[in-house]
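Engineer:
2 protein chains.
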Amino acid sequence: MTTKGAQRGAVTEGAEKAVRAGRPVASSARPVRAATARPTSRLRPEHARRHNRALVMQALYRAEGLSRADLAREVGLTRVTISDLVADLIAEDLVIELGLRPDSRPGKPATLLDLNRQGFSIVGLDLSNNSAFRGVLTDLDGTVKSRAEVPVRGVTGMEAVDAAYRLLDELLAGAEAPVIGIGIGSPGLVDLDGTVVQAPNLGWHDVPLQQLVSERYDLPTQVANDANMAAQGERTFGGASADTMLIRIGRGVGSGLVIGGHLVHGSGFAAGEIGHVVVGTDGGADCACGKAGCLETWLASPRLEANLAEATDDAGRTAVLREAGERLGIALGPVVGALNLGEVILAGPHDLLAGDLLEATAETLRSRTMGELHGDLSLRMTALGRDIVVLGAVVTVLTGQLGIS
Amino acid sequence: MTTKGAQRGAVTEGAEKAVRAGRPVASSARPVRAATARPTSRLRPEHARRHNRALVMQALYRAEGLSRADLAREVGLTRVTISDLVADLIAEDLVIELGLRPDSRPGKPATLLDLNRQGFSIVGLDLSNNSAFRGVLTDLDGTVKSRAEVPVRGVTGMEAVDAAYRLLDELLAGAEAPVIGIGIGSPGLVDLDGTVVQAPNLGWHDVPLQQLVSERYDLPTQVANDANMAAQGERTFGGASADTMLIRIGRGVGSGLVIGGHLVHGSGFAAGEIGHVVVGTDGGADCACGKAGCLETWLASPRLEANLAEATDDAGRTAVLREAGERLGIALGPVVGALNLGEVILAGPHDLLAGDLLEATAETLRSRTMGELHGDLSLRMTALGRDIVVLGAVVTVLTGQLGIS
DNA sequence: GTTAGTTAGTAAAGATTACTAACCAACCTC
DNA sequence: GAGGTTGGTTAGTAATCTTTACTAACTAAC
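Here the protein sequences line up with chains A and B, keeping their order.
Each residue of the first sequence is one higher than the one before, counting from 8 in this note's numbering.
Each residue of the second sequence is one higher than the one before, counting from 8 in this note's numbering.
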């Protein structure tokens, strides 16, 4: 190891020690507010190469069984260049040849290619559940190969980090193919460096989780907010469009926004935090945050379940669910209108959300926003179920390491 | 002229004729909804060069009086490459040498460079005003060199297009430096090709304004929604941050959103259309759109002025303004929260907006959204006054033609 | 005045990347 | 089997940025 390596080790040591001792780590000096947009970086030949390489992978990811000639047409590069790129990818085992195209047509038969989907693994973690950290090991398709859980009820601080380590240890030990990276969806505010600025439930403040994990396992690591991960998961695996909002309802209410195909971070990395926005102008229940009528007071699952329990008959339960849905619609109206969203997706307890609540939200949204100006709005439940966050985490690894999105 | 050129001319003819005859033009067949994100294009050497060239221009734009060596440090390319790029730019007269750096320090004195800010002109048009189309001619700094207006009260359809032509004729005739492009802020829905999908006030449906203007004047032309133009103007000339919402209040209420430095278009090019979002849960005045309690019923300047006229004393007028401000705050709350906006900017009649209304909006926003999660929100009037749209249009030309944003 | 050190800018050669042109291979149709 | 079509490779070229090495022009210190 060079001096540089040793120094990096030392930095990690310091960070871990500081977290364990409850001291702020170096990164806490960084302001929460995003830095003013630095100019886009210069473009060198190798950057162009990486970009084109990612285009090839993306094309292969979406449609397996393309030939080099197909790729040339799809991506817009020449067959020569594609062959060159593909040769690199095959040398790295990221792409494999499937053999000749079976169908019969004029000309030399094509050699079909595909991503080596089974040849690599990705680890995805979901730290947003209060009772257990959940994790999966998938192939490049996002197909779950194994699962693991670690109970964390009441666990905070460095203990919680250790719990994540145990989960990762278990998943990595079971990997049968090389792991290309680790994705972690964490609750709370996460900055662009993968530092958890704050996550009250886990007692984390300025925990440089990405740095800790990537150095401990020597693997590329992506850390982001759980709802943002969920939004990216839905975009890649759930077929969500380029302008989508994903609402996550659980103990709290959060959301992830994809606008023009890009994840929205917000000026303080707090984009999507809509749980404590006040809804409507007719009061509402008191909220833990000190305000009254926050979205969470209607929609967070503990509150919703309590309200349901109070209802005596089906009609009462329907009314509770419809009111919650209406409140969500009222809150989302301005967002849907301002962003001209084409799609809103709900993730959370299916039995609570999928029926009357969803319907009431859709009706409210349409009646409060849709004019002749706006097109259709699609409101639906996630297609990914409970795995939405872990799969989103897998997507960030696919994107970060292979350029696939 | 080649066959290709003739063909282009023919297409224009058809479009103009169709518009004049009130028939739909070819482009109307295009769906309003944005196409599914086509994969990012391949990157060839010349694209990289263009990108790096834009970086150089952008650095010079922000800070005049940089040397080649300064640029190399700033942009991250080598001095050699910068010299090469600068030589190109000087050959095109886009960059000029200012002479030697005056201060005294070791080493060879630097030759200072600057954009040739006075050497080129840009035309910006604002078609959003009901009584007159307004236009300006500026230098590359956005400094207004001349102004012009054409009355258009009640003018619609191809007559309105002709009015824009007259305005352009006048401005272009007065240009003393070569014009690098034309920017036009239009009311209504404008797609990415610069076709005005619909602008009821002007009686426009699928008017390919960008195509018409660029072919008539043989100049690069940018057409976009007026509020979007305003947002871009405020971002470049008004110092707005990378996450900003600009609210435009006039005959109606619209907005332009910049998220992560990028303009938001929305799935149907209707992003920012918040005028007909219902505000609050306690009713409101009937709106022309058929709903009740739309944002416009409180904020559109005709309504606001009518309400003010009804008030008998200062207290009453303050109450009217505060209520309008509160309604705006209520509508913006979910948007500010979901996007974690750091900045909201108001543009419109200064006497109506700048006092009680603005204050009430700020208070409402803070009380309904701000938690420990969110940073400070800055709410202010535009710094650009009535020129905000034309200057925004100028910015789009700077961005589109020179890569400056 | 002389020497050393620093900074700006340029020149030449090398590496990367993608392109064009030309080719062979392997299939189809006739 | 001839001719046409499609897939993929080889060889050479153009564009771009880098590295290395140079000259020019200045300050600082003796």
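Cβ atoms here follow ideal geometry from the backbone N, Cα and C, with glycine treated the same way.
As the structure is a prediction and not an experimental result, all values here were calculated from the model.
How is the beta strand (DSSP E) around A231(B) delimited, first residue to last?
Structural biologist: As a position in the second sequence, residue 231(B) is number 224, starting the count at 1. Taken as a continuous stretch (DSSP letters only), the beta strand (DSSP E) holding A231(B) covers 228 to 232.
Engineer: Report yes or no: do the segment 391 to 399 of chain B and the segment 235 to 243 of chain B share at least 3 C-beta pairs separated by less than 8 Å?
Structural biologist: The segment 391 to 399 of chain B vs the segment 235 to 243 of chain B: in contact.
Engineer: Could you say which of R393(B), G410(B), E53(B) lies nearest to N136(B) if we only look at CA atoms?
Structural biologist: Numbered from 1 along the second sequence, position 129 holds the residue referred to as residue 136(B). Nearest option by C-alpha distance: R393(B).
Engineer: Looking at L120(B): is its Cβ nearer than 8 Å to the Cβ of V93(B)?
Structural biologist: Working through the second sequence from its first residue, we reach residue 120(B) at position 113. Working through the second sequence from its first residue, we reach residue 93(B) at position 86. Contact: yes.
Engineer: Considering only the beta carbon of each residue, do S128(B) and V186(B) sit closer than 8 Å?
Structural biologist: Residue 128(B) sits at position 121 when you count from the first residue of the second sequence. Residue 186(B) sits at position 179 when you count from the first residue of the second sequence. In contact: S128(B) and V186(B) (Cβ atoms closer than 8 Å).
Engineer: Examine chain B for any beta-carbon lying closer than 8 Å to the beta-carbon of L315(A), and answer yes or no.
Structural biologist: Residue numbering aside, residue 315(A) sits at position 308 when the first sequence is read from its first letter. Answer no: the Cβ-Cβ gap between L315(A) and chain B never drops below 8 Å.
Engineer: Taking 8 Å as the CB-CB cut-off, is R1(B) touching chain A?
Structural biologist: In the structure displayed, chain B extends from 8 to 412; residue 1(B) sits before or after that span and is not available.
Engineer: Please go through the same chain and pick out, in chain order, the residues whose beta-carbon is closer than 7 Å to the beta-carbon of D363(B), but skip the five residues on each side of it.
Structural biologist: Looking up residue 363(B) in the second sequence gives position 356. The residues are T325, L328, R329, G332.
Engineer: So, helix, strand or coil for S274(B), using DSSP?
Structural biologist: In the second sequence, counting from the first residue as 1, residue 274(B) sits at position 267. In the structure shown, S274(B) sits in coil (DSSP, three-state: anything other than H, G, I, E or B).
Engineer: Can you tell me whether DSSP reads V396(B) as helix, strand or coil?
Structural biologist: Here residue 396(B) refers to the residue found at position 389 of the second sequence. Of the three classes helix, strand and coil, the one that applies to V396(B) here is helix, per DSSP.
Engineer: Measure the Cβ-Cβ separation of G259(B) and A206(B) and say whether it is below 8 Å.
Structural biologist: As a first step, residue 259(B) is located in the second sequence; it is residue number 252 there, counting from the start. As a first step, residue 206(B) is located in the second sequence; it is residue number 199 there, counting from the start. No, the pair does not count as a contact, with Cβ atoms beyond the cut-off.
Engineer: Figure out for me which residue from N347(A), R86(A), T288(A), L270(A) has the closest Cα to the Cα of T403(A).
Structural biologist: Translated into positions along the first sequence, residue 403(A) becomes position 396. Checked all of N347(A), R86(A), T288(A), L270(A); the closest Cα to T403(A) is L270(A).
Engineer: Any idea which residues DSSP pairs D121(A) with across the strands?
Structural biologist: One-based indexing of the first sequence puts residue 121(A) at position 114. Looking at the DSSP assignment, D121(A) forms a beta bridge with I103(A).
Engineer: Tell me whether the beta-carbon of R124(A) lies closer than 8 Å to the beta-carbon of A117(A).
Structural biologist: Counting from 1 along the first sequence, the entry for residue 124(A) is found at position 117. Counting from 1 along the first sequence, the entry for residue 117(A) is found at position 110. For R124(A) and A117(A), no; Cβs fall outside 8 Å.
Engineer: Mind checking the segment 278 to 293 of chain A against chain B and listing, in chain order, the residues whose C-beta falls within less than 7 Å of any C-beta there?
Structural biologist: Residues A278, G279, E280, I281, H283, V284, V285, G287, T288, D289.
Engineer: Kindly confirm or deny that the segment 369 to 376 of chain B and the segment 79 to 89 of chain B touch, where touching means at least three C-beta pairs closer than 8 Å.
Structural biologist: At 8 Å Cβ cutoff, the stretches do not touch.
Engineer: Three-state secondary structure (DSSP) at F140(A)?
Structural biologist: Taking the first residue of the first sequence as position 1, residue 140(A) is located at position 133. Here F140(A) sits in strand by DSSP.
Engineer: If V168(A) and I189(A) are in contact, beta carbons under 8 Å, what's the gap, nearest whole angstrom?
Structural biologist: Translated into positions along the first sequence, residue 168(A) becomes position 161. Translated into positions along the first sequence, residue 189(A) becomes position 182. V168(A) to I189(A), Cβ: 14 Å. No contact.
Engineer: Among G142(A), V197(A), E241(A), which has the Cα closest to the Cα of E177(A)?
Structural biologist: On the first sequence, position 170 is the one that residue 177(A) refers to. The shortest C-alpha separation from E177(A) is found at G142(A).
Engineer: Measuring CA to CA, which of D148(B), I337(B), D383(B), D77(B) is closest to D250(B)?
Structural biologist: Within the second sequence, numbered from 1, the residue matching residue 250(B) stands at position 243. The shortest C-alpha separation from D250(B) is found at D383(B).
Engineer: Could you spell out the range, first to last residue, of the beta strand (DSSP E) harbouring V343(A)?
Structural biologist: Taking the first sequence and counting its residues from 1, the one referred to as residue 343(A) is at position 336. Premise fails: V343(A) lies in the alpha helix (DSSP H), 321 to 346, not in any beta strand (DSSP E).
Engineer: Using CA coordinates, which residue listed in G245(A), L311(A), V286(A), P309(A) is at the minimum distance from A299(A)?
Structural biologist: Sequence index remark: in the first sequence, residue 299(A) carries index 292 (1-based). The shortest Cα separation from A299(A) among G245(A), L311(A), V286(A), P309(A) belongs to V286(A).
Engineer: With a cut-off of 8 Å on the beta carbons, I'd call A277(B) and L50(A) a contact; round off their distance for me.
Structural biologist: Here residue 277(B) is taken as the residue at index 270 of the second sequence, counted from 1. Here residue 50(A) is taken as the residue at index 43 of the first sequence, counted from 1. 33 Å between Cβ atoms; not a contact.
Engineer: If the criterion is Cβ atoms closer than 8 Å, does the pair G349(A) and S262(A) meet it?
Structural biologist: Taking the first sequence and counting its residues from 1, the one referred to as residue 349(A) is at position 342. Taking the first sequence and counting its residues from 1, the one referred to as residue 262(A) is at position 255. Against a cut-off of 8 Å, the Cβ pair of S262(A) and G349(A) comes out as no contact.
Engineer: Going by the CB atoms, is the gap between E280(B) and N7(A) shorter than 8 Å?
Structural biologist: No answer is possible for residue 7(A): the residues shown for chain A start at 8 and end at 412.
Engineer: For the segment 251 to 276 of chain B, list every residue whose C-beta sits within 8 Å of some C-beta in chain A, in sequence order.
Structural biologist: Within the segment 251 to 276 of chain B, the qualifying residues are M252, S262, L264, I266, G267, G268, H269, V271, H272, G273, S274, G275, F276.
Engineer: Pick helix, strand or coil for L179(B), following the three-state DSSP scheme.
Structural biologist: Here residue 179(B) refers to the residue found at position 172 when the second sequence is read from its first residue. Reduced to three states, the DSSP call for L179(B) is helix.
Engineer: Taking 8 Å as the CB-CB cut-off, is P341(B) touching chain A?
Structural biologist: Reading the second sequence from its first residue, position 334 is the one you call residue 341(B). Cβ-Cβ to chain A under 8 Å: yes for P341(B).
Engineer: For H58(B), report the span of its alpha helix (DSSP H) as first-last.
Structural biologist: The count along the second sequence starts at 1 and reaches residue 58(B) at position 51. Residues 52 to 69.
Engineer: Using a Cβ cut-off of 7 Å, pull out every chain A residue sitting near R49(B), in sequence order please.
Structural biologist: In the second sequence, residue 49(B) corresponds to position 42, counting from 1. Simply N59, L62, V82, G83, L84.
Engineer: Measuring straight from C-alpha to C-alpha, what distance separates L67(B) and T145(B)?
Structural biologist: Here the question's residue 67(B) lines up with position 60 in the second sequence. Here the question's residue 145(B) lines up with position 138 in the second sequence. In a straight line, the C-alpha of L67(B) is about 18 Å away from that of T145(B).
Engineer: Considering only residues of the same chain and omitting the five flanking positions on each side of G149(A), which have a CB-CB separation below 6 Å?
Structural biologist: In the first sequence, counting from the first residue as 1, residue 149(A) sits at position 142. Cβ neighbours of G149(A) beyond the five flanking positions: F244, L398, V401.
Engineer: Could you please give the first and the last residue of the uninterrupted beta strand (DSSP E) stretch that includes T288(B)?
Structural biologist: Taking the first residue of the second sequence as position 1, residue 288(B) is located at position 281. Looking at the DSSP string, T288(B) is not in any beta strand (DSSP E), and its letter there is neither H nor E.
Engineer: Do you know how far the Cα of L196(B) is from the Cα of G126(A)?
Structural biologist: For this step, residue 126(A) is matched to residue 119 along the first sequence. For this step, residue 196(B) is matched to residue 189 along the second sequence. Rounded to whole angstroms, G126(A) to L196(B) spans 48 Å at the Cα level.
Engineer: Just to confirm before moving on: does the CB-CB distance between A354(B) and I254(B) stay below 8 Å?
Structural biologist: For this step, residue 354(B) is matched to residue 347 along the second sequence. For this step, residue 254(B) is matched to residue 247 along the second sequence. Yes.
Engineer: Is the CB-CB distance between D289(A) and T406(B) below 8 Å?
Structural biologist: Along the first sequence, one-based indexing puts residue 289(A) at 282. Along the second sequence, one-based indexing puts residue 406(B) at 399. In this structure, T406(B) does not lie closer than 8 Å to D289(A) by Cβ.
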